[in-house]
Every structure is written in structure tokens, then in C-alpha cells.
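**Q** Handing you a structure now.
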Amino acid sequence: MSTVVETDVLIVGSGPAGASAALALSTYGVPNIVVTRYASLADTPRAHITNQRTMEVLRDLGVEQEVVAQATPQHLMGNTTFCTSLAGEELGRVRSWGNDPLVQAEHELASPTRMCDMPQHLMEPVLVNAAVARGTRLRFETEYLSHTQDADGVTATVRDRLRGDTYEIRAKYLIGADGGRSRVAEHAGLPMGGQMGGAGSVNIVFEADLTRYTAHRPSTLYWVLAPGATVGGIGAGLVRCVRPWTEWLIVWGYDVDAGAPDLTTEYAEEIVRRLVGDDDIPVTVKSSSAWTVNEMYAETYASGRVFCAGDAVHRHPPSNGLGSNTSIQDAYNLAWKLKLVLDGVAAPKLLDSYTAERAPVGRQIVTRANQSIRETAPVFEALDGLSPQTPEQLWANIAARKDTTEAAAKQRAELREAIAFKAYEFNAHGVDLNQRYASGAIVPDGTPDPGFARDPELYHQPSSRPGARLPHAWITSGSRTLSTLDTVGRGRFTLLTGIGGEDWVRAAEAQEVEIATVVIGPGQEYEDPYGDWARLSEISDAGALLVRPDGFVAFRHASAAPDAGELLADALRTILGHA
Ligand code: FDA
1 MSTVVETDVL
11 IVGSGPAGAS
21 AALALSTYGV
31 PNIVVTRYAS
41 LADTPRAHIT
51 NQRTMEVLRD
61 LGVEQEVVAQ
71 ATPQHLMGNT
81 TFCTSLAGEE
91 LGRVRSWGND
101 PLVQAEHELA
111 SPTRMCDMPQ
121 HLMEPVLVNA
131 AVARGTRLRF
141 ETEYLSHTQD
151 ADGVTATVRD
161 RLRGDTYEIR
171 AKYLIGADGG
181 RSRVAEHAGL
191 PMGGQMGGAG
201 SVNIVFEADL
211 TRYTAHRPST
221 LYWVLAPGAT
231 VGGIGAGLVR
241 CVRPWTEWLI
251 VWGYDVDAGA
261 PDLTTEYAEE
271 IVRRLVGDDD
281 IPVTVKSSSA
291 WTVNEMYAET
301 YASGRVFCAG
311 DAVHRHPPSN
321 GLGSNTSIQD
331 AYNLAWKLKL
341 VLDGVAAPKL
351 LDSYTAERAP
361 VGRQIVTRAN
371 QSIRETAPVF
381 EALDGLSPQT
391 PEQLWANIAA
401 RKDTTEAAAK
411 QRAELREAIA
421 FKAYEFNAHG
431 VDLNQRYASG
441 AIVPDGTPDP
451 GFARDPELYH
461 QPSSRPGARL
471 PHAWITSGSR
481 TLSTLDTVGR
491 GRFTLLTGIG
501 GEDWVRAAEA
511 QEVEIATVVI
521 GPGQEYEDPY
531 GDWARLSEIS
541 DAGALLVRPD
551 GFVAFRHASA
561 APDAGELLAD
571 ALRTILGHA
């Protein structure tokens with residue numbers, strides 16, 4: 001073992017967390033190396049729901065359009081259907097993922113981006129290609145084995161799986177983005193709370209033209225109540241669209257105490273036939289794999305110079321579609337902090353804010369995803385479908401809802417309510433967008449926390465209070481219409497102010513750290529013709545918001561301030577860890 005390769009940041013893993021960390025770091029000009037165990041990127045669809053916040057991150061990193069071009073668009077995602085099989089009886093639908101007209105309006109008001117369905121095997125190449133084009137050095141078939149760290153950096157030992165030899169990579173920082181069985185997190189001693197392996201599940205990827213059963217109710221998800229569907233798994237059988245309407249992924253549970261089934265092609269085909277319900281449709285099974293439902297999250301995401309992101313620190317079922325989204329957002333939160341610390345602009349203390357900001361999000365999404373599984377049970381309880389003694393009993397219970405009796409009317413009402421309640425899984429706009437950070441990299445402005453006027457899981461509530469993501473409003477610059485979010489990001493701080501905010505602009509320009517300035521008002525570089533910004537900004541025209549490179553408000557001052565220079569310098573000292 002002789003070779004020592006050097007870099008600023010070593011990233012273990014090329015999944016959504018690792019790939020987006022590499023992309024952000026390379027975009028910011030930070031030298032980085034990605035090592036990844038296998039010879040290819042993800043070869044199965046895996047995560048797919050891509051929420052608005054992630055799309056905003058991808059927009060800032062310059063790959064939004066590529067993702068939009070490849071993804072299934074939002075309008076084909078939204079008829080989440082409950083049925084006895086695709087060819088069988090339909091039990092009800094939820095207009096999901098922003099396709100309910102009222103929720104759609106909320107999506108349009110909240111962000112310049114649209115949710116979409118981007119399967120992981122398509123997402124990873126977009127992220128990795130862009131990262132490599134911007135400077136990331138990528139090593140396939142290279143396995144992380146161990147690391148040591150000292151005051152100046154981290155030395156990782158990796159194995160080249162092609163040649164079989166090991167070598168060392170010396171980095172100033174190490175990012176463990178090595179997924180749900182993270183060795184980096186284990187070696188860094190990051191304690192995980194919660195429990196592992198609560199229920200068993202099988203993923204079956206297959207090709208079949210199911211247009212006849214799906215095109216008239218286009219959706220990403222079709223939930224199937226069939227005999228055995230509530231054993232293990234995610235609460236029901238699931239047929240998930242990978243590519244409309246010919247590529248699919250089935251999720252089917254198994255009894256974890258009995259062990260994973262033998263994943264033969266015959267087994268997979270039998271499950272596919274059961275959930276599709278039409279034996280005449282040709283089916284080609286591509287792959288099957290077993291996994292378990294986890295409910296685990298780390299309380300601490302870092303140890304010294306080692307930082308973990310993604311499934312390495314939060315492990316949960318796919319409900320709510322939060323896995324890849326949260327992983328990408330972790331990386332985006334971390335990357336600019338590493339950049340500023342590596343440049344000597346910020347003190348290493350800034351990096352403490354990574355755990356402070358992202359660990360509560362991780363805990364929240366793990367809990368939410370598992371809660372969503374539990375909330376599927378009432379759909380089946382309404383049909384007496386949870387523990388029928390025989391399949392015949394199950395079908396009889398389902399058929400009973402068509403009776404003219406009062407009991408049947410009650411059953412229908414309960415079913416409608418239980419299905420509508422699944423909005424917490426399929427329309428949890430607040431879970432996607434209401435993140436509020438409290439850390440050393442946020443300067444409170446002394447205003448009391450207003451809380452949320454509506455259910456914070458279902459509804460997004462914009463706020464410019466420090467710790468919230470900058471509210472989106474359409475503004476103009478000449479003939480161009482752009483989002484307020486388009487004025488921030490690109491690895492630098494941004495100060496937003498309006499007419500009368502000259503002191504803030506001067507103060508921003510006088511700081512050592514790069515701060516872009518955005519003045520919004522009549523006759524200024526940016527205008528607010530709809531008045532949206534004035535309604536959302538929560539500051540007066542002459543007040544100021546200092547927005548971090550990740551789009552979160554770090555400092556807010558409601559009005560003009562003759563001592564703007566001092567106030568801003570103080571705030572930056574705190575944010576950058578120098579206080
Ligand atoms: P991810 O697991 O994607 O990536 C880890 C990376 O680390 C990989 O590139 C791996 O090769 C690499 N690696 C691991 N150990 C290494 C080592 N020692 N050395 C070098 N490299 C190493 N989610 C969802 O929402 N819907 C779904 O249907 C599914 N389905 C699904 C199926 C399967 C089979 C898996 C494994 C996962 C899912 N998921 C999912 C979960 C989703 O894929 C997950 O939340 C995200 O991929 C997490 O992204 P990360 O980048 O954190 O880890």
C-alpha cells in the first residue's frame with residue numbers, strides 16, 4: 001500500500017447524497033473525489049418522488065431542466081388508486097403529489113419548480129455527469145474500508161476492487177454517503193436511534209404494458225388490497241410506475257419472522273400476476289430484491305472531520321417519497337459550509353450547524369414515513385380487510401360496501417375518509433417545504449415564533465424569519481420574470497432589500513465574504529409588479545434579509561438601520577462561526 005491520493009473532500013458513495021454533494025462541491029470549485037463500491041450507478045429505480053425543495057436545489061445546481069426532461073411530469077403522478085388489483089375493482093383514489101386543484105395552487109404559490117417523478121437510476125447519472133464535468137474525480141469499483149482522522153484531515157483506506165489492492169486517500173474532510181449500511185457512520189461512531197428491520201418487503205422490477213389499466217387514471221402509485229397484502233411490507237401491495245405505462249416496480253411484504261422468500265422468477269411473476277390481475281398481459285421480470293422497513297435516525301451527523309448524509313443517517317420506508325429528497329438536501333446544506341471553511345472564510349464551528357439543522361429534519365421524516373405506513377391500515381379496516389380468515393371473506397367484505405344497508409353506507413364513508421386521510425403521505429406539502437433551522441448559522445431576530453396557522457405537515461407556510469427558506473415570489477428584471485429564489489444560491493450569500501435600503505447594500509459590499517445584493521422596487525434592478533414580494537417579505541422596503549447560499553434566511557432586519565454595517569458584520573461573525 002504505497003499510493004496516497006490527496007483531495008479536499010472525499011465522498012464515499014454515488015447515490016443521491018454522494019452524487020449531489022459532489023455536484024455542489026464541484027460547482028463551488030472545491031476539489032473532491034467520489035469512491036463508489038460498484039461498477040455502475042444505481043441499476044434499479046429505487047427512490048423516485050422528487051419534491052419541490054429538491055427541484056429548487058437542482059435548479060440552483062443547474063440540472064433542473066435535465067431532470068424535467070427525463071422525469072415523469074407531475075400531472076401523470078397524481079391519481080393514487082386503491083384497488084383489489086389493477087384489473088380488479090377500484091376502491092377509491094387520492095389526487096396526490098400536488099394534483100388536487102387546491103394543493104396544486106399551493107404548489108404554484110410556493111415554488112418556481114414542479115414536483116416530478118425521477119427514478120433513481122435516471123437521477124444519479126444526471127447528478128454524477130454534471131459533477132464530473134465540473135471537476136469531481138469519480139472512482140467506480142472502489143470500496144471504502146476504514147478511516148483515521150487527525151487535526152488536519154482524514155486518511156481513508158480504500159480497495160480497488162478491479163485490481164484487488166488497497167490505497168489511501170488523504171482528504172481534509174470525509175463525507176459518508178454510503179447508504180443504509182453505512183460503514184463510515186459506524187466507524188465515525190454516530191449513534192443511531194430507533195429500530196431496524198421492523199417489516200419485510202420485496203421489490204420486483206418488471207416490464208409490462210399496463211396502459212389499459214392505468215392511462216385513464218395516471219398515477220405513480222397503485223395500492224392493492226389482495227389476500228396477504230397486509231403482511232409485513234408497507235401496509236399494502238404497491239404497483240409503482242417507473243415509466244408510463246410499461247416499466248413498473250412492485251413492493252410486496254413478507255413475514256420478517258419467517259425470513260425473506262426465495263426470490264425466483266416464478267415467485268416474482270406470481271406476485272406480479274396477483275397484483276396486476278390480468279394473466280393475458282405479457283410480463284418480463286427484470287430483478288427482485290428484499291429489504292426491511294427501518295425506523296432509524298442518527299442524533300449526530302458528524303464526528304470531527306467526518307460528516308454523514310442521506311440513508312447513512314436516516315433510514316425509513318419509501319412512504320412520502322422522502323429518501324432521495326432528504327439525502328440531496330443534506331448534501332446541499334453541507335456543501336457550502338465545507339466550501340467556506342476550506343476557503344478560510346468561515347471557522348470550522350460553522351460545520352456544527354450541519355447536525356443542528358439536518359438531524360431534526362432526519363428524525364421528522366423517518367417518523368413521518370413510518371407513520372404513513374400505519375395510516376394505511378384504516379383503509380383496510382374500513383373494509384374489514386385486515387384479518388379476513390379466507391380470501392373469500394376478504395372479497396365478501398369488499399363487496400359488502402355496495403349494499404343498500406346502513407352498515408354499507410357507514411363502510412363507504414369510512415373508506416372515503418381513510419383514503420382521504422392518506423393526504424399525509426401523498427400531499428404532505430408542509431413536510432416537503434416547512435423546514436425551519438435553528439443553529440449557530442442562523443441569527444434570531446427576536447420575533448416570537450408565529451407557529452403554523454394550518455397543519456404544518458400538510459400545508460406550506462412561507463416565512464422570512466431567520467431559519468426559514470426564502471419565500472418564493474415572482475419578480476421581474478427588465479423583460480425577465482424570475483423567482484426570488486433565482487436571485488440567491490450559486491454558493492454565495494445574498495442580501496435582499498428595497499427602496500431605502502442603501503445602507504444595507506453598502507454594508508453588504510463592504511464585507512469580506514461575497515454577498516450579492518438584490519434591490520427590489522420600482523425603478524430598481526428587480527421589480528415586484530404583482531406585489532407578491534411585498535406581501536411575503538415580512539420586512540419593510542428598507543429592511544434587509546441575508547440569505548445563505550442554500551436559500552435559507554440567516555439574518556433579518558425589519559427596517560432601515562443607520563448602523564447596517566455593524567449589524568451585518570456582527571451577524572456574519574456569528575453565522576460564519578467567528579463569534
Ligand atoms: P444510497 O444507498 O443511494 O447510496 C449509497 C452509495 O454508497 C452507493 O453508491 C453505494 O454503492 C455506495 N457504497 C456503500 N458502501 C460503500 C463502501 N463501503 N465503499 C464505497 N461505496 C459504498 N426509496 C424510495 O423512496 N422508494 C423506493 O422504492 C425505494 N426503493 C429502494 C430499493 C432499493 C433496492 C434500495 C437500496 C433503496 C430504495 N429506496 C427507495 C431508498 C432510496 O434509494 C434511498 O433513500 C436513497 O438512495 C438514499 O440515498 P443515499 O445516497 O443516502 O444512499
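In this text, residue positions in the sequence shown follow UniProt numbering: the first is 1, and each later residue adds one. We treat Cβ as the ideally placed atom computed from N, Cα and C, and that holds for glycine.
(1) Is the separation between the beta-carbon of Y267 and that of G232 shorter than 8 Å?
(2) What first and last residue would you give for the beta strand (DSSP E) that runs through M296?
(3) Confirm the yes/no value for this check: CB of V12, any heavy atom of the ligand FDA, distance under 7 Å.
(4) Which full runs of the beta strand (DSSP E) of 3+ residues lie inside the region 148 to 225, going along the chain?
(5) Pick out the complete beta strand (DSSP E) segments inside the region 45 to 110, 3 residues or longer, and give them in chain order.
(6) For K337, count the other beta carbons within 10 Å of its own beta carbon; 16 or more makes it buried, fewer makes it exposed. Which is it?
(7) Nearer than 7 Å: is that true of the beta carbon of E141 relative to any heavy atom of the ligand FDA?
(8) To which residues of the same chain is A420 closer than 8 Å at the C-beta, ignoring the five residues directly before and after it?
(9) Tell me the residue span of the beta strand (DSSP E) that contains Y437.
(10) Hey, how far is the Cα of D403 from the Cα of S219?
(11) Identify whether E509 lies in helix, strand or coil by the three-state DSSP scheme.
(12) Output yes or no for whether 8 Å exceeds the beta carbon distance between H460 and L496.
(13) Going by C-alpha to C-alpha distance, which of A105, D209, V443, T7 sits closest to S464?
(14) Grab the span of the beta strand (DSSP E) containing S483 for me, first residue to last.
(15) Excluding the 5 residues flanking D8 on each side, which residues of the same chain have their C-beta closer than 6 Å to its C-beta?
(16) Measuring straight from C-alpha to C-alpha, what distance separates L482 and L23?
(17) Compute the Euclidean distance between the alpha carbons of G87 and G194, then round it to the nearest angstrom.
(18) Report the residue from T211, G491, E525, G489 whose alpha carbon sits nearest the alpha carbon of V505.
(19) Tell me G235's beta-bridge partners as DSSP assigns them.
(20) Measuring only the C-alpha atoms, how far is A423 from S319?
(21) Could you name the residues of the same chain whose beta carbon sits closer than 6 Å to that of P462, not counting the 5 residues immediately before and after it, in chain order?
(22) Just the Cα atoms here: how many angstroms apart are G501 and R548?
(23) Can you give the beta carbon distance from T81 to E90, rounded, assuming they're within the 8 Å contact cut?
(24) Among D43, T54, M115, T230, which one has its Cα closest to the Cα of F426?
(25) With contact counted as at least three CB pairs below 8 Å, one residue from each stretch, are the region 380 to 397 and the region 307 to 321 in contact?
(26) Does DSSP put F140 in a helix, a strand or coil?
(27) Alpha carbon to alpha carbon, how far is C241 from A130?
(28) Would S14 and L58 qualify as a contact pair, given that the criterion is a beta-carbon distance under 8 Å?
(29) If contacts are defined as beta-carbon pairs under 8 Å, then R274 and S146 qualify, I think. What distance do you get, rounded to the angstrom?
(30) Would the beta-carbon of S372 be found less than 7 Å away from any heavy atom of the ligand FDA?
(31) Where DSSP assigns a beta bridge to N32, which residues make up the other side?
(32) Identify, in the order they occur along the chain, each residue of the same chain with its Cβ nearer than 8 Å to the Cβ of H121, setting aside the five sequence neighbours on each side.
(33) Please report the straight-line C-alpha distance between P101 and H75, rounded to a whole angstrom.
(34) Below 7 Å, is the gap between the Cβ of G233 and the nearest heavy atom of the ligand FDA?
(35) Using a Cβ-Cβ cutoff of less than 6 Å, which residues in the same chain neighbour P16 once the five nearest sequence positions on both sides are dropped?
(36) In this structure, how does DSSP classify I539 when only helix, strand and coil are distinguished?
**A** Reading from the atomic positions:
(1) The criterion of a C-beta distance shorter than 8 Å is not satisfied by Y267 and G232.
(2) Boundaries of the beta strand (DSSP E) around M296: 284 to 298.
(3) Yes - the ligand FDA has a heavy atom lying nearer than 7 Å to the Cβ of V12.
(4) Segments of the beta strand (DSSP E) lying fully in the region 148 to 225: 154 to 160, 166 to 176, 192 to 207, 221 to 224.
(5) Entirely contained in the region 45 to 110, the beta strand (DSSP E) runs reaching 3 residues are, in chain order, 79 to 83, 90 to 95.
(6) Burial call: buried.
(7) Within 7 Å of the C-beta of E141 there is not a single heavy atom belonging to the ligand FDA.
(8) Close CB contacts of A420 within its chain, under the 8 Å cut and outside five residues either way in sequence, are with V94 (chain order).
(9) Element bounds for Y437: n/a, residue is neither H nor E.
(10) Straight-line Cα distance between these residues: approximately 29 Å.
(11) Look at E509 here: in three-state DSSP terms it is helix.
(12) No, Cβ-Cβ distance for H460 and L496 is not below 8 Å.
(13) Residue V443 is the option with its Cα nearest to S464.
(14) First-last of the beta strand (DSSP E) with S483: 480 to 483.
(15) Cβ neighbours of D8 beyond the five flanking positions: V30, P31, K172, L342.
(16) Using only the alpha carbons, I get a separation of about 24 Å.
(17) For the sequence presented, residue 87 should be read as Ala rather than Gly. It is roughly 39 Å from the alpha-carbon of A87 to the alpha-carbon of G194.
(18) Of the candidates T211, G491, E525, G489, the one whose C-alpha sits nearest the C-alpha of V505 is E525.
(19) Beta-bridge pairing links G235 to no other residue.
(20) When rounded, the distance between both Cα atoms is 12 Å.
(21) Result list for P462: P471, L536, in chain order.
(22) Between G501 and R548, the C-alpha separation is close to 19 Å.
(23) About 6 Å separates the CB atoms of T81 and E90; that is less than 8 Å, so the two are in contact.
(24) Comparing Cα-Cα distances from F426 to each of D43, T54, M115, T230, the minimum goes to M115.
(25) No: the two stretches stay apart, fewer than three of their Cβ pairs being nearer than 8 Å.
(26) In the structure shown, F140 sits in coil (DSSP, three-state: anything other than H, G, I, E or B).
(27) The alpha-carbon of C241 is positioned some 26 Å away from that of A130.
(28) In terms of Cβ geometry, S14 and L58 do not form a close pair [threshold 8 Å].
(29) Beta-carbon to beta-carbon, R274 and S146 are separated by about 45 Å, too far to satisfy the 8 Å threshold.
(30) Of the heavy atoms belonging to the ligand FDA, none sits nearer than 7 Å to the Cβ of S372.
(31) Note: N32 sits in a beta bridge opposite V9.
(32) Sequence-distant Cβ neighbours of H121 in its own chain, meaning closer than 8 Å and more than five residues away, are L41, A42, D43, T44, P45, R46.
(33) Separation of P101 and H75 (C-alpha to C-alpha, rounded to the nearest whole angstrom) is 11 Å.
(34) Remark: the C-beta of G233 is outside contact range of the ligand FDA, defined as less than 7 Å to any heavy atom.
(35) S324, S327, I328, listed in sequence order.
(36) The DSSP-derived three-state label of I539 is coil.
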